[in-house]
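A short write-up of the structure that comes next.
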Amino acid sequence: MAVQLGDIALVKNLLNNGADLEARNGEGQTPLHIATLNHNLEVIKVLFGAGINVEAKDNKRTAPIHYAADSGKELIVRLLVNRLLEMKSTVDIPDRQGATALYRAAANGHASIVSILLQVAADKSGRPGLRLTESTNSALKAAISGGYQEVVDVLLSAGCRPTHSELEKAVVGGNLDIVDALLNAGANVNKRPSRFNRTALQAAIEGRHEMIVARLLAAGARTDEEVWDGSYIMTPLHIAVRTSQRSVNIVKKLLAAGANVNEIGGNLQTPLQEATGLGDEEMIELLSAASAEANPGREISCAALLPGFETNGRGFFANYFLGACPDPAATETNSEKGNQL
């Protein structure tokens with residue numbers, strides 16, 4: 051109670067009378083946990099003077115340094131860090147999830163705390179006990195998820211190397227500045243674990259992040275890279291036509307970057323046929339102006355295209371493609387005449 055109240059005189063008196071430094075409450079917290087949670091610097095100093103264990107963990111396997119990192123209180127973090135170093139201990143104490151104080155500071159957007167910990171050689175990943183893979187939630191990824199630009203900059207400056215999943219995370223979040231920082235730090239714009247993982251460009255297209263699409267293309271994102279849409283292997287242009295209906299700017303950027311307008315996707319349709327099925331006149335005109343063909347060399351393409359006319363029931367489409375695909379009725383009549391001969 052004395053620690054909770056921050057009553058330094060009472061704390062000292064209790065300690066002088068043999069109070070148990072390692073006494074714990076129902077959550078397994080020691081007096082040092084409580085003083086840290088209450089941001090009481092002077093009480094912490096008194097407890098250190100009495101020899102309290104700085105590494106003790108509560109029932110959640112959380113040490114005082116973790117709570118200090120969560121709060122962003124610099125003076126308390128410095129005090130705890132110095133104590134850990136004095137005791138020849140590590141600042142990379144893991145919590146229940148294997149996360150260190152640095153990870154928790156990054157996840158909460160405390161760039162100054164991250165810097166303090168890096169200065170004493172804290173592990174940059176924030177997860178030193180885990181094998182880092184694309185799926186690992188590193189300190190960098192946690193900062194990206196929170197949109198904490200300053201933390202991202204600190205970690206990149208310390209030598210963190212962004213992975214595909216971290217770049218994708220920034221793209222999905224729509225944070226152009228963080229995407230830019232990751233690319234400048236060497237993020238590979240085209241790398242991904244497998245063909246069934248999204249590329250950064252695909253993620254940007256699906257999120258309708260026009261400025262990020264432009265930045266990725268400028269960084270060398272491939273417009274011919276096959277991507278998985280959940281059902282078929284497609285091109286970024288197919289995805290853009292499908293997801294950017296009524297917003298053609300992304301499609302324009304892809305075309306300007308050299309996207310193949312006549313590429314046939316895994317569903318045996320071209321981007322133009324995708325637009326036709328959606329009934330998007332503006333997109334059809336844009337693709338056609340880029341020399342899109344209604345039937346680029348496969349008869350099945352017309353078969354896939356014609357149902358789009360019937361579904362949409364618009365004369366615009368039928369008139370537009372009148373010369374591109376055979377009239378089913380005429381084809382049937384010619385076939386009958388041939389049989390009669």
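Under my numbering, think of the first position of the sequence shown as 51, with each following residue one higher. Idealized CB from N, CA, C, for every residue including glycine. All figures in this text were calculated on a predicted structure; none of them were measured in a lab.
For Asn158, which residues of its own chain have a beta-carbon under 6 Å away from its beta-carbon, when the five flanking residues on both sides are left out? Asp120
Val53 to Arg111 span [Cα, whole Å]: About 21 Å.
According to DSSP, is Met137 part of a helix, a strand, or is it coil? In the structure shown, Met137 sits in coil (DSSP, three-state: anything other than H, G, I, E or B).
Using C-beta distances below 8 Å, list every residue in its chain close to Thr140, excluding the 5 sequence neighbours before and after it, in chain order. Cβ neighbours of Thr140 beyond the five flanking positions: Leu134.
Hey, would you say His288 sits closer than 9 Å to Asp279, going by beta carbons? yes
Do Leu167 and Val222 have their beta-carbon atoms positioned less than 9 Å apart in this structure? no
Considering just the uninterrupted stretch of the alpha helix (DSSP H) at Pro243, what are its terminal residues? Pro243 -> no alpha helix (DSSP H), and no H or E assigned at all.
State the start and end residues of the unbroken alpha helix (DSSP H) segment that holds Ser195. In the DSSP annotation of this structure, the continuous segment of the alpha helix (DSSP H) that includes Ser195 starts and ends at 189-196.
So, with DSSP's three-state summary, where would you put Met284? strand
Can you tell me the Cα-Cα spacing of Ala106 and Leu190, whole angstroms? 27 Å
If contacts are defined as beta-carbon pairs under 8 Å, then Gly315 and Thr285 qualify, I think. What distance do you get, rounded to the angstrom? Sure, about 6 Å apart at Cβ, within 8 Å.
So Val104 and Met137 are supposed to be a Cβ contact under 8 Å. How far apart are they, rounded? 6 Å
Whole angstroms are fine: how far does the CA of Leu60 sit from the CA of Asp70? 14 Å
Do Asp108 and Thr80 have their C-beta atoms within less than 9 Å of each other? yes
When you compare each of Val96, Leu82, Gly148, Arg146 to Ala118 by their alpha carbons, which one comes out closest? Leu82
Locate the alpha helix (DSSP H) running through Gln79, then write down its first and last residues. Note, Gln79: premise wrong, no alpha helix (DSSP H); not H, not E.
Pick from Ala113, Ala161, Met261: whose alpha carbon is nearest that of Ala145? The amino acid at residue 145 is misidentified as Ala; the sequence shows Asp. For the residues Ala113, Ala161, Met261, the minimum Cα distance to Asp145 belongs to Ala113.
Assuming Ala253 and Glu218 form a contact by the criterion Cβ under 8 Å, report the distance between their Cβ atoms to the nearest whole angstrom. 5 Å
Could you tell me if Gln319 is buried or exposed, where buried requires 16 or more neighbouring beta carbons within 10 angstroms of its beta carbon? Buried, since its Cβ has 16 or more Cβ neighbours within 10 Å.
Cβ shell of Leu232 (< 7 Å), same chain only, five flanking positions each side left out: Pro212, Glu216, Leu217, Ala220
Compute the Euclidean distance between the alpha carbons of Leu337 and Ala156, then round it to the nearest angstrom. 45 Å
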